[in-house]
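Peer 1: I have a structure here, written as structure tokens, and I will follow up with some questions on it.
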């Protein structure tokens, strides 16, 4: 543990590594803006895959897109390592809170690495379908002993993460991790954070609900990942309006990530 903490301390003390980790927030913002843009096209009736895979495909099709994909891989991997380092260095006096923070850091690191891996696949010329992957996972779980329970548990965990995003937005808890300027700039960044966190939370929460629905209906196709969640929103009464709001919120979250790159406490 001492060696791990020493490595974590060395990483957080490195100005170069800290800069690369901040770039991670920038590219994370780019990914969310692209997903939000695809979601808007879905809201208008156009085809599109509004998830990480769809975002990476859209990025790859732009000039210098492959270079940007490699920047996403590097930046988000560095950001994931930073989260792991934060987990090792967490020193909250309350043991329960300390381990709660460590679990949060570890979960965030896994999420960043998942996006980085998707970017890597596309940077190398491959492709992925997160909706199909979610459906395949659901089908395998349904065919295994105790699989339905696991699928429901996955759905509830994802739902809880979505709710946590919403709560974090409304309570403005994200401010604790930022060194914000004063005045109008601070108000603008906080507003973007609130809107962005709530919008992302809604999208993630619906994704979790779809896993639970898939389990209870024994229909693996119901679990469609983030893309399936956004398409489900479009199918609700006033769904196009709801999807527009969430899509714009994801774009706002992306812009907030740009501010986070500048003002995050690192």
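Residue numbers (my numbering): 926 to 1191. Idealized CB from N, CA, C, for every residue including glycine.
1. From the DSSP output, read off the bridge partner residues of residue 1103.
2. Buried or exposed: where does residue 1161 fall if 16 or more other Cβ atoms within 10 Å of its Cβ makes it buried?
3. Can you tell which of 1022, 955 and 946 has its C-alpha closest to the C-alpha of residue 993?
4. Give me the residue from 1009, 1036 and 1037 with the minimum Cα distance to residue 1024.
5. Could you spell out where the alpha helix (DSSP H) holding residue 962 opens and where it closes?
6. Could I get the ranges of all uninterrupted alpha helix (DSSP H) runs contained in the region 1088-1168, with 4 residues as the minimum, in chain order?
7. Ignore the nearest five residues each way along the sequence and tell me which others in residue 1159's own chain have a CB closer than 7 Å to its CB.
8. Rounded to the nearest angstrom, how far is the Cβ of residue 1060 from that of residue 1145, given a contact under 8 Å?
9. In three-state terms, what does DSSP make of residue 1011?
10. Assign residue 1036 to one of three DSSP states: helix, strand, or coil.
11. Please tell me whether residue 1117 and residue 1180 are closer than 7 Å, where the distance is taken between their beta carbons.
12. By Cβ distance below 8 Å, which residues in the same chain neighbour residue 1072 in space, the five residues on each side in sequence not counted?
13. Given residue 973, which residues of its chain have a CB within under 7 Å of its CB, disregarding the five upstream and five downstream residues?
14. Helix, strand or coil: how does DSSP classify residue 1053 here?
15. Going by Cα to Cα distance, which pick from 1041, 1105, 960 and 1048 is closest to residue 989?
16. Mapping the DSSP letters down to three states, classify residue 1002 as helix, strand or coil.
17. Between which residues of its own chain and residue 947 is the CB-CB distance below 8 Å, once the five residues before and five after are set aside?
18. Note down, in chain order, each residue of its chain lying with its Cβ closer than 8 Å to the Cβ of residue 982, except the 5 sequence neighbours on either side.
19. With 16 other CB atoms within 10 Å as the buried threshold, where does residue 1125 fall?
20. On the three-state DSSP scale, how would you describe residue 996?
Peer 2: For this structure:
1. Indexing the chain shown from 1 puts residue 1103 at position 178. Paired residue(s): 1189.
2. Mapped onto the chain shown, residue 1161 falls at position 236. Classification of residue 1161: exposed, given that the 10 Å Cβ count is below 16.
3. Position 68 of the chain shown, counted from the first residue, corresponds to residue 993. Out of 1022, 955 and 946, 955 has the C-alpha closest to the C-alpha of residue 993.
4. On the chain shown, residue 1024 is found 99 positions in, with the first residue counted as 1. Checked all of 1009, 1036 and 1037; the closest Cα to residue 1024 is 1009.
5. As a working note, residue 962 is residue 37 in the chain shown. Start and end: 940-968.
6. 1109-1142 and 1150-1159
7. Counted from its first residue, the chain shown places residue 1159 at position 234. Here the set comprises 967, 968, 1165 and 1168.
8. Here residue 1060 is taken as the residue at index 135 of the chain shown, counted from 1. Here residue 1145 is taken as the residue at index 220 of the chain shown, counted from 1. Yes, residue 1060 and residue 1145 are in contact; Cβ-Cβ is about 5 Å, under 8 Å.
9. Residue mapping note: residue 1011 aligns to position 86 of the chain shown, counting from 1. In this structure, residue 1011 counts as helix in the three-state DSSP scheme.
10. Taking the chain shown and counting its residues from 1, the one referred to as residue 1036 is at position 111. Note: residue 1036 maps to helix in three-state DSSP.
11. By one-based count along the chain shown, residue 1117 stands at place 192. By one-based count along the chain shown, residue 1180 stands at place 255. Closer than 7 Å, so yes.
12. Locating residue 1072 in the chain shown gives position 147, counting from the first residue. Once the five neighbours on either side are set aside, the close Cβ partners of residue 1072 are 1065 and 1066.
13. Here residue 973 refers to the residue found at position 48 of the chain shown. 963, 966, 967 and 979.
14. Against the chain shown, residue 1053 aligns to sequence position 128. Three-state DSSP puts residue 1053 in coil, outside helix and strand.
15. For the purposes of this step, residue 989 is taken as residue 64 along the chain shown, with counting starting at 1. Of the candidates 1041, 1105, 960 and 1048, the one whose C-alpha sits nearest the C-alpha of residue 989 is 1048.
16. By 1-based counting over the chain shown, the position of residue 1002 is 77. Correct three-state label for residue 1002: helix.
17. Walking along the chain shown from the start, residue 947 turns up at place 22. These residues qualify, in order along the chain: 1186, 1187, 1189 and 1191.
18. Numbered from its first residue, the chain shown carries residue 982 at position 57. Correct list, in chain order: 974, 1047 and 1052.
19. The residue labelled residue 1125 in the question sits at position 200 within the chain shown. Per the 10 Å Cβ criterion, buried.
20. Here residue 996 is taken as the residue at index 71 of the chain shown, counted from 1. Three-state DSSP puts residue 996 in a helix.
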